[in-house]
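Chains A and B supply the protein sequences, listed in that same order.
Residue 1438 is where the first sequence starts when you use this note's numbering, and the numbers rise one by one after that.
Residue 66 is where the second sequence starts when you use this note's numbering, and the numbers rise one by one after that.
Ideal placement from N, C-alpha and C gives every residue a C-beta, glycine not left out.
Since the structure comes first, as structure tokens, the remarks are kept for the end.
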Amino acid sequence: MSVRVQSDPFDMGAEVDAFTARASGAGAVVTFSGLVRDEGGTLTRMEIEHYPGMTEKALEKIRSEAVTRWSLTEAMIIHRHGPMKPGDQIMMVATAARHRSDAFAAAEFLMDYLKSRAPFWKKEYGADGETWVAAKDEDEAALERW
Amino acid sequence: MIDVLYFAWLRERIGAPKERLETGAETVADLIEELKGRSEAHALAFSDVSAVRAALDQELVEDMSAPIGGAREVAFFPPMTGG
């Protein structure tokens, strides 16, 4: 599956191997994985909420736009929800193209859109209690370059 | 009947993830005004509409003037924080 939304952890190495195996014709594979930051030791855990149904549709839309725009041979997104702790992998993207510039650009595009157009909401728990992570203006601005 | 879904702090402030209601609202903005009258919790949740985003049948709306049309599901949530 090219788009997966799950609470279970994933094995990045195994995912990249499987992705590379099905990315026939590619000369470049770019992967990115996002982790839960410990925020200088103040964050004890994180909880990610999402909108079942809309999440899958939004991710599929973002993915297919990247595939079309950069003529990717393959692209995938895995995004987790539920409880997580510092250091855990939250999500990953992988892109495969004939040349590396397209694979890098497409991966950046996927990340920029995941930040502010995929229905996930992060809540952080720490010594000071719990806080919903606020969206950043620069994340919204980042979409303008595409 | 329309299903109204809430996520993140909107869900917490309203105290429920979902409610089903009958509405005559023509736009998302009209529906928000109607919801604000339902309880103090609703009024508080929608007190700053600039901090709220909406989706109709799981498609993000560009702005709150979007017509509800025949949508069966409307969702309200804060700006998304994926990735």
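- Message: Quick test of your reading: A:M1529 and A:E1581, contact by CB under 8 angstroms. State the CB separation rounded to the nearest angstrom.
- Response: Incorrect: roughly 25 angstroms between the Cβ atoms, too far for contact.
Exercise. Would you kindly work out how many angstroms separate the C-alpha atoms of B:E99 and A:A1463, rounded to a whole number?
Key: Their backbone Cα atoms lie some 53 angstroms apart in a straight line.
The region 1527-1545 of chain A in contact with the region 1467-1476 of chain A per 3-pair CB rule at 8 angstroms = Segments in contact, yes.
ask   = For A:A1458, which of A:D1445, A:A1512, A:I1499 and A:E1502 has the nearest alpha-carbon?
value = For the residues A:D1445, A:A1512, A:I1499 and A:E1502, the minimum Cα distance to A:A1458 belongs to A:A1512.
ask   = Can you find a C-beta in chain A that's less than 8 angstroms from the C-beta of B:F141?
value = Not closer than 8 angstroms to any Cβ of chain A, the Cβ of B:F141 fails to qualify, so no.
Check your understanding: So, using beta-carbon positions, are A:G1524 and A:D1448 closer together than 8 angstroms?
Key -> Contact: no.
Select from A:T1532, A:G1490, A:E1493 and A:I1485 the residue whose C-alpha is nearest the C-alpha of A:Q1526. The residue from A:T1532, A:G1490, A:E1493 and A:I1485 with its alpha-carbon nearest to that of A:Q1526 is A:I1485.
- Cβ neighbour criterion (16 or more within 10 Å) applied to B:M66: With fewer than 16 Cβ atoms within 10 Å of its Cβ, B:M66 is classed as exposed.
| Nearest-angstrom Cα distance between B:A73 and A:A1579? | Linking B:A73 to A:A1579 through their CA atoms gives a straight-line distance of about 23 angstroms.
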